[in-house]
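Trainee:
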Amino acid sequence: SMFGTRTLTTLAPCPLFISAAYHHLPCFRMLLNAGANPNYNFNGPVNREVLLKGRASCMLDAVLKLGCESAFVSLLLDHGADPYLVPWDELDPDTMVRLKVNAEALRVYQEAK
84 SMFGTRTLTT LAPCPLFISA AYHHLPCFRM LLNAGANPNY NFNGPVNREV
134 LLKGRASCML DAVLKLGCES AFVSLLLDHG ADPYLVPWDE LDPDTMVRLK
184 VNAEALRVYQ EAK
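Per our numbering, residue 84 is the first one in the sequence shown, and the count goes up by one each step.
(1) Under a three-way DSSP split, which group does P176 fall into?
(2) Given P166, which residues of its chain have a CB within under 8 Å of its CB, disregarding the five upstream and five downstream residues?
(3) So C151 and Y123 are supposed to be a Cβ contact under 8 Å. How far apart are they, rounded?
(4) Quick check on L149: buried or exposed, where buried means 16 or more other Cβ atoms within 10 Å of its Cβ?
(5) Please report how far the alpha carbon of C110 lies from the alpha carbon of S102, in whole angstroms.
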């Protein structure tokens, strides 16, 4: 891949990720409406080790792990984010609590699958 493996584990430079990290919904919506890729940074199989370290592998994974409200998940899904890129079924409840996942956001994500 032209980005190498580093981008697979690091979403930080991405404006979409930054707006999610600050839970800034209007900015997040604007970026998606302007054509930001909702499946950003997914260029191969998700590395389980990376997931367990709490690093995000794609934007949908990121908004869940950042504890963003359900509107972030809905926006990503509405803009074509693929829920199957996030292997959340493999994460244990302790990890879910540690990552402070928003329950409503998780429900919206699970219903999309």
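Note that CB positions come from ideal geometry on N, CA and C, so glycine has one too.
Mentor: On the basis of the supplied data:
(1) Counting from 1 along the sequence shown, the entry for residue 176 is found at position 93. Here P176 sits in helix by DSSP.
(2) Residue numbering aside, residue 166 sits at position 83 when the sequence shown is read from its first letter. Excluding residues within five positions, the ones whose Cβ falls inside 8 Å are L143, L160, Y192, A195, K196.
(3) For the purposes of this step, residue 151 is taken as residue 68 along the sequence shown, with counting starting at 1. For the purposes of this step, residue 123 is taken as residue 40 along the sequence shown, with counting starting at 1. Contact doesn't hold; Cβ gap of about 15 Å is too wide.
(4) Mapped onto the sequence shown, residue 149 falls at position 66. Buried is the call here.
(5) Here residue 110 refers to the residue found at position 27 when the sequence shown is read from its first residue. Here residue 102 refers to the residue found at position 19 when the sequence shown is read from its first residue. Spanning the two alpha carbons is a distance of roughly 6 Å.
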